[in-house]
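Q: Chain order of the listed sequences is A and B. Residue numbers for the first sequence follow numbering that gives the first Met the number 0, beginning at 0 and rising by one. Residue numbers for the second sequence follow numbering that gives the first Met the number 0, beginning at 0 and rising by one.
There are 2 protein chains.
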Amino acid sequence: MSGPTAVVLLSGGMDSATATAIAKADGLEVIGLTIDYGQRHRKELDAAKSVAKYFGVKEHRVVRLDLASIGGSALTDRRVPIPEGRPPEEIGTGIPPTYVPARNTIFLSYALALSEAVGAKAIYIAANSYDYAGYPDCRPEYYEAFAHVARLGTKRGVEGDPVEIRTPLILMTKADIVRKGVELGVPWELTWSCYHGRPKACGVCDSCQLRLKGFREAGVRDPIPYERGRDRKTNA
Amino acid sequence: MSGPTAVVLLSGGMDSATATAIAKADGLEVIGLTIDYGQRHRKELDAAKSVAKYFGVKEHRVVRLDLASIGGSALTDRRVPIPEGRPPEEIGTGIPPTYVPARNTIFLSYALALSEAVGAKAIYIAANSYDYAGYPDCRPEYYEAFAHVARLGTKRGVEGDPVEIRTPLILMTKADIVRKGVELGVPWELTWSCYHGRPKACGVCDSCQLRLKGFREAGVRDPIPYERGRDRKTNA
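Given below as structure tokens:
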């Protein structure tokens, strides 16, 4: 007999791995949903598969959605450079070139369809407004608005049993996420956050810098290999 | 020099063809967006291409999105029968088996991403609450909720220039749509509404019945061929 289920948007990064651990800690069976949207590299998708396997998810769906043809982002368009070397305190100010138009809305819509079809109780999305203040679709009020769409725009919503939209990391810092992940046994070594797809994480893109800063502040060693950027005294 | 643009969700049916004509009448250049979501048949997609060509759209994008793997609908799952022979007055009561979970939310999300990437002023979607009262994502309040998501969840929204969500048919009956389409020169012969993909429209599925009723009530002859169902005195 299977219990209540969550659809967890699983990118392969440290945040969605932590969200998966939280969904399990909340007593839910997990269906991992990974969107292959034409990212520049495949390491994220491989990481998502490893994380899903580690957590023994009920099912892991990898769905191909073509966002690259829409363009407009450094994450899907090789002509747009990925920002590097910005100090962490500048990351999160303004909307960065790594913003993908309406990405989270598309991901949530797909998760909503899947949740309705399989009868999942909730969607977990690892959005985080603290470090990603520059992304409009990482703010709490945006998720409240989407939850309203889920209530009004689905059969389940009309029938009084809407799919819940849960954002357990929304108010956490990256250090909080590291501490929560350590508590719940997140396998950091299987996760991948770097915007590049080289053998080692670059250590200087926005995503690497936020990750390293989080580990440093939490006093935890990040086990993945870095090209540079890790060797600061509190993260040795 | 190109003028303001609309992204029009173009299915190939009579409603979206009319929405395309309205967008043009509103003075906008049209980018047609057709979602190939694993429908049972290809006639709809062929019709969308013909309609786009007829209206001389600026661009027509056909995007493949895998909704069939989600299942849960008669339109994407061959194991779920398409309802036939329901009298038109019963259609629109309750949520029908042709409901595709969160379909319009997924379509709008994708249209939103495209609109933001290309700088379109508005999205036109041919939703209609009058004849499709049974579909939760065809109601005006749902579109208001989605417009709120568009305002909060995009760079354009944050910058004070959100993409508008326009639903010009939302309060029209099918007969109103026929009258509007006749006024604007919609090529009905190029459109396809039947849930089946046979050489002639079946004439008895919900979609055919609503279409035929609309033409009958408007006193206009529907030029497409039907297997049956057309020969009633007011639509001869």
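The beta-carbon is built from N, C-alpha and C at its ideal position, and this holds for glycine as well.
For A/Arg41, is the classification buried or exposed, using 16 other Cβ atoms within 10 angstroms of its Cβ as the cut-off for buried?
A: By the neighbour-count rule (16 or more Cβ atoms within 10 Å), A/Arg41 is not buried but exposed.
Q: Out of B/Leu8, B/Leu27, B/Ser108, B/Ala16, point me to the one whose CA is closest to B/Arg60's CA.
A: Nearest C-alpha to B/Arg60: B/Leu8.
Q: What residue ranges within the region 171-200 of chain A form continuous alpha helix (DSSP H) runs of no fewer than 4 residues, ordered along the chain?
A: The qualifying runs are 173-183.
Q: Is the region 206-223 of chain A touching the region 142-158 of chain B in the sense that three or more CB pairs, one from each, lie closer than 8 Å?
A: These segments do not touch.
Q: Which one of A/Tyr123, A/Thr19, A/Asp65 has the shortest CA to CA distance from A/Ser49?
A: For A/Ser49, the nearest C-alpha among the options comes from A/Thr19.
Q: Taking 7 Å as the cut-off, does the CB of B/Leu168 come closer than this to any heavy atom belonging to the ligand SAM?
A: No copy of the ligand SAM appears in this structure; indeed no ligand is present at all.
Q: Quick check on the burial criterion: 16 or more other C-beta atoms within 10 angstroms. Buried or exposed for B/Pro161?
A: B/Pro161 is buried by the Cβ-count criterion.
Q: Kindly indicate which three-state DSSP category A/Asp35 falls into: helix, strand or coil?
A: Strand at A/Asp35.
Q: Examine the Cβ distances between the region 181-195 of chain A and the region 207-226 of chain A and report whether three or more of them are shorter than 8 Å.
A: These segments touch.
Q: Please list the residues of the region 153-179 of chain A that have a C-beta atom closer than 7 Å to any C-beta atom in chain B, keeping them in chain order.
A: Hits within the stretch, in order: Thr153, Lys154, Gly156, Val157.
Q: Considering only C-alpha positions, which residue in the set A/Ser128, A/Gln38, A/Glu28, A/Gly133 is nearest to A/Glu58?
A: That would be A/Glu28, whose Cα lies nearest to the Cα of A/Glu58.
Q: Could you give the C-beta distance for B/Ala125 and B/Ser15, rounded to a whole number, given that I count them as a contact under 8 Å?
A: That pair is a contact at about 4 Å.
Q: Thinking just about the alpha-carbon of each residue, which of B/Leu168, B/Lys120, B/Asp175, B/Val157 is nearest to the one in B/Tyr142?
A: For the residues B/Leu168, B/Lys120, B/Asp175, B/Val157, the minimum Cα distance to B/Tyr142 belongs to B/Leu168.
Q: If you measure beta-carbon to beta-carbon, which residues of the region 127-147 of chain A are closer than 8 Å to chain B?
A: The residues in question are Pro135, Asp136, Arg138, Glu140, Tyr141, Ala144, Phe145, His147.
Q: In this structure, does DSSP put A/Ala51 in helix, strand or coil?
A: Reduced to three states, the DSSP call for A/Ala51 is helix.
Q: To the nearest angstrom, report how far apart B/Glu182 and B/Gly133 are at their CA atoms.
A: For B/Glu182 and B/Gly133, the distance between alpha carbons rounds to 28 Å.
Q: Alpha carbon to alpha carbon, what distance is there between A/Leu64 and B/Ala46?
A: If I take the Cα positions, the gap works out to 23 Å.
Q: Assign A/Ala101 to one of three DSSP states: helix, strand, or coil.
A: Looking at A/Ala101 - three-state DSSP - the assignment turns out to be coil, as it is neither helix nor strand.
Q: Would you decide whether B/Asn234 is buried or exposed? Buried here means 16 or more other CB atoms lie within 10 Å of its CB.
A: Confidence at B/Asn234 is low in this model, with a pLDDT of 42, below 50, so its placement is unreliable and the value that follows should be read with caution. So B/Asn234 counts as buried.
Q: Can you tell which of B/Ile176, B/Phe214, B/Glu115, B/Thr17 has the C-alpha that lies nearest to the C-alpha of B/Glu158?
A: For the residues B/Ile176, B/Phe214, B/Glu115, B/Thr17, the minimum Cα distance to B/Glu158 belongs to B/Glu115.
Q: Could you compute how far the alpha carbon of B/Gly259 sits from the alpha carbon of A/Met171?
A: No information on residue 259 of chain B is available, as it lies outside the stretch 0 to 235 that chain B covers here.
Q: How about B/Ala112 and A/Ile69: are their beta carbons less than 8 Å apart?
A: Yes, the pair counts as a contact, with Cβ atoms nearer than the cut-off.
Q: Could you tell me whether any Cβ in chain B is nearer than 8 Å to the Cβ of A/Thr233?
A: With a pLDDT of 42 at A/Thr233, under the threshold of 50, the modelled position of that residue is not reliable, and the figure given next carries that caveat. Judged by the 8 Å Cβ criterion, A/Thr233 is not in contact with chain B.
Q: Here's the rule I'm using: 16 or more other beta-carbon atoms within 10 Å means buried, otherwise exposed. How should A/Pro198 be labelled?
A: Under this definition A/Pro198 is an exposed residue.
Q: Is the separation between the beta-carbon of B/Tyr194 and that of B/Thr104 shorter than 8 Å?
A: No. Outside cutoff.
Q: Could you give the distance in angstroms between the alpha-carbon of B/Lys179 and the alpha-carbon of A/Glu83?
A: Their backbone Cα atoms lie some 54 Å apart in a straight line.
Q: Whose C-beta lies closer than 7 Å to the C-beta of A/Gly156 among residues of the same chain, with five residues either side of it excluded?
A: Within the same chain, A/Gly156 has close Cβ partners Ala149, Arg150.
Q: Ends of the alpha helix (DSSP H) at B/Ala22?
A: Segment 13-24, the alpha helix (DSSP H) holding B/Ala22.
Q: Comparing the C-beta of B/Pro100 with each C-beta of chain A, is any distance below 8 Å?
A: With 8 Å as the cut-off, B/Pro100 counts as an interface residue toward chain A.
Q: According to DSSP, simplified to helix, strand and coil, what is B/Leu27?
A: B/Leu27 falls in the coil class under three-state DSSP.
Q: Counting only beta-carbon atoms, is A/Asp14 nearer than 8 Å to chain B?
A: It does not; no Cβ of chain B falls within 8 Å.
Q: Quick one: is B/Thr97 near chain A, going by C-beta distance under 8 Å?
A: Closer than 8 Å: no.
Q: Once you ignore the five residues that flank A/Pro186 on each side, which residues in its own chain have a CB closer than 6 Å to its CB?
A: Within the same chain, A/Pro186 has close Cβ partners Tyr53.
Q: Quick check on B/Asp65 - is its C-beta less than 8 Å from some C-beta in chain A?
A: With 8 Å as the cut-off, B/Asp65 counts as an interface residue toward chain A.
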